[in-house]
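Asker: Dropping a structure here in structure tokens format, bear with me for questions.
There are 2 protein chains.
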Amino acid sequence: MSKKAALFDDDRAGAIYRTAAKMIYEKGFDATSMNEIAEAVQLTKPGLYYYVKGKKELLFSIMSFAMDLLDAEVVAVAKEQSDALERLRAIVRCHAWLLTQATGAIAILIDETRGLSDEQRVRITERKRAYIDFIRETLDRLRAEGRMRPVDTTTATFSLLGQIMWLARWFQEAGRMSREQVVDDVAEIALGGVLTDEAQAGAPSSAALPEAIPA
Amino acid sequence: MSKKAALFDDDRAGAIYRTAAKMIYEKGFDATSMNEIAEAVQLTKPGLYYYVKGKKELLFSIMSFAMDLLDAEVVAVAKEQSDALERLRAIVRCHAWLLTQATGAIAILIDETRGLSDEQRVRITERKRAYIDFIRETLDRLRAEGRMRPVDTTTATFSLLGQIMWLARWFQEAGRMSREQVVDDVAEIALGGVLTDEAQAGAPSSAALPEAIPA
DNA sequence: CGGAGATTACCTACCGGTCGGTAAAGTGTG
DNA sequence: CACACTTTACCGACCGGTAGGTAATCTCCG
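One line per chain: the protein sequences are A and B, in this order.
Here the first sequence stands for residues 1 to 215, numbered as in the numbering used here.
Here the second sequence stands for residues 216 to 430, numbered as in the numbering used here.
Structure below.
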């Protein structure tokens, strides 16, 4: 039970981080004042400051937690697959699954880097780069196996990421389609875009989706 | 010469809008103050207010201009193609081309809708919806022709859009790849994701891809 | 078990600073 | 002089953040 890991679990502190994450996700970092966050958790501003050191640290903690989520729910799961294609499929499906989850949608906050200090931004950017490299390496393996379209690997990586990240902008839980349906379709489109026709032909179509994050 | 059309051409007013667009694109709307914009165009704040009515109107004008760009450079060009596949290809390529252009990258500002008034946001959202519908209709036609993967059309639309929009976040003019290369690859990936194998096989205006050697 | 002192969990009141926006007084040019 | 333009001087509201105080609770010695 490290203090960091407990941040989002503990009663009061947890409520602060979860509430702040939601508000920042919905209104943007700059437009969310410490006063509003404090009110949302039934506290005054100094009361809030008893728990958090400052606005930047609050954002940094949330973004770090989002990266933890990504590592646990996507990278770790994908690494269980040794076949490059199945690994890529797991990446796309798990990441898409995460972003369409109400609790997990905060994972898109890792792009709100402008509110961070230089040092904090460097640390987050470093983790993001590691994730991007993980995808790129998977694509490199597919390339080596002749299963990838003749396109640049970096471009392919960001095309995949773009499709996944964009999900959080348009998908609505209450909408016409279920999360499962959308994740299935996005995975098919995403993989179809980077793989050769042959590689797609004989592929098993369902990979494991993780359960909701533990409470 | 309508006043609106001249906004981005006229000397002083044009400089204001172009400079503000660039600053908002780089720093975000909230983090860009009217004082900074004024300084950037060698004016005091009231001097700036002589030309613009307020911050929201400034953002709205820029976003309207961005939508004008999109309509002129993407929709109008794509409509010249009557074949659904060629039209879709034109959409992807033109939009990607626009977003990788230094001047056109402001087109991504159409997503900064939070800074708008309700009425302004409705108007921009309406135009965005029209664009999305344009893509969706094109996909519907491909579906009717049996050239589309068995995936939901809305999901496919946003997958395409996600890939394109994400370009503006990672593409760097000075990078390893040229705009032409990146646009080519994104188009191939994007189309490959939504089209059936057969539809891709007979693609005319893509560089003739030799079939990969079967295993 | 009692009571002194530390610790936790907040509060009221306020700081310096910046925000978007404006009133009103020039200033230069036709 | 008239008018397009630009300035100085200034709002009120809100920002992130803090000083200093306090009620409740927990700890530990005698």
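For glycine and all other residues, C-beta sits at the position ideal for the given N, C-alpha and C.
#1: Using CA coordinates, which residue listed in B/L303, B/D245, B/I252 is at the minimum distance from B/R329?
#2: By the criterion of Cβ-Cβ separation under 9 Å, what are the contact partners of B/G408 in chain A?
#3: Which whole runs of the alpha helix (DSSP H) in the region 66-133 of chain A are 4 residues long or more, in chain order?
#4: Name the DSSP beta bridge partners of A/L195, please?
#5: Counting only Cβ pairs nearer than 8 Å, list the residues of chain A close to B/R329.
#6: Within its chain, find whatever has a CB closer than 8 Å to the CB of B/I350; leave out the 5 residues flanking it on each side and keep chain order.
#7: Exposed or buried, what is A/A6 when buried is set at 16 or more other beta-carbons lying within 10 Å of its beta-carbon?
#8: Since B/W385 meets chain A, which of its residues come closer than 7 Å, beta carbon to beta carbon?
#9: Just confirm the distance between the C-beta atoms of A/A168 and A/L58, as a whole number of angstroms; I'd bet it's less than 8 Å.
#10: Give the DSSP-derived three-state secondary structure of A/Q172 in the structure shown.
#11: Going by CA-CA distance only, name the one from A/V182, A/A187, A/L116, A/R149 that's closest to B/Q415.
#12: Report whether the distance from the Cβ of A/W97 to the nearest heavy atom of the ligand COA is below 8 Å.
#13: Show which residues of chain A have a CB atom less than 9 Å away from the CB atom of B/M392.
#14: Compare the C-beta of A/Q120 with all C-beta atoms of chain B and state if any pair is closer than 9 Å.
#15: With a 10 Å radius around its C-beta and 16 neighbouring C-beta atoms as the bar for buried, classify B/A359 as buried or exposed.
#16: State the Cα-Cα distance for the pair A/V186 and B/V337, rounded to the nearest angstrom.
#17: Would A/R179 pass as a contact of A/Q101 if the rule is Cβ separation under 9 Å?
#18: When the Cα atoms are used, what is the spatial distance from B/R342 to A/I124?
#19: So that I know if they touch, is there some Cβ in chain A lying closer than 9 Å to that of B/M216?
#20: Buried or exposed: which applies to B/A235, given that a residue is buried once 16 or more other Cβ atoms fall within 10 Å of its Cβ?
#21: Anything in chain B within Cβ reach of A/W166, meaning under 9 Å, just list it in chain order.
#22: Considering only residues of the same chain and omitting the five flanking positions on each side of A/H219, which have a CB-CB separation below 6 Å?
#23: Helix, strand or coil: which one does DSSP assign to A/K53?
#24: Does B/A255 come out as helix, strand or coil in the three-state DSSP assignment?
#25: Excluding the five sequence neighbours on either side, which residues of its own chain have a C-beta within less than 7 Å of the C-beta of B/Q335, listed in chain order?
#26: Going by beta carbon distance, what residues of the same chain come within less than 6 Å of B/Y266, once the five residues before and after it are set aside?
#27: Per DSSP, what kind of secondary structure is B/A246 in: helix, strand or coil?
#28: What's the gap between the Cα of A/A130 and the Cα of B/Q257?
#29: Quick one: what's got a C-beta closer than 6 Å to B/S332's C-beta in the same chain, skipping five residues either side?
#30: Exposed or buried, what is B/R391 when buried is set at 16 or more other beta-carbons lying within 10 Å of its beta-carbon?
#31: Quick check on the burial criterion: 16 or more other C-beta atoms within 10 angstroms. Buried or exposed for B/A281?
#32: If you measure between the beta carbons of B/E327 and B/M278, is that distance less than 9 Å?
#33: Applying a beta-carbon distance threshold of less than 7 Å, which residues of chain A neighbour B/V397?
#34: For B/G407, is the classification buried or exposed, using 16 other Cβ atoms within 10 angstroms of its Cβ as the cut-off for buried?
#35: Taking the alpha carbon of A/L195 as the reference point, which residue from A/Q172, A/V182, A/T153, A/E173 has its own alpha carbon closest?
Answerer: So, from the data block:
#1: B/D245
#2: S159, Q163, E188, I189, A190, L191, G192, G193, V194
#3: 84-99
#4: A/M148
#5: K27, G28, A31
#6: L303, I306, T372, L375, L376
#7: Low local confidence applies: a pLDDT of 43 at A/A6 is under 50, so the model's placement there is unreliable, with the coordinate-based value given in what follows. Looking at its Cβ environment, which holds fewer than 16 other Cβ atoms inside 10 Å, A/A6 is exposed.
#8: F158
#9: About 20 Å separates the two Cβ atoms, so there is no contact after all.
#10: coil
#11: A/R149
#12: With respect to small molecules bound, the structure shown includes none, and the ligand COA cannot be examined in it.
#13: D152, T154, T155
#14: no
#15: exposed
#16: 28 Å
#17: yes
#18: 35 Å
#19: Model confidence at B/M216 stands at a pLDDT of 35, short of 50, so the residue's coordinates are unreliable and nothing is read from them.
#20: buried
#21: F373, S374, L376, G377, Q378, M380, W381
#22: As shown, chain A starts at 1 and ends at 215. That puts residue 219 of chain A outside it, with no answer to give.
#23: coil
#24: helix
#25: K271, F275
#26: A228, I231
#27: coil
#28: 42 Å
#29: K271
#30: exposed
#31: buried
#32: yes
#33: T155
#34: buried
#35: A/T153
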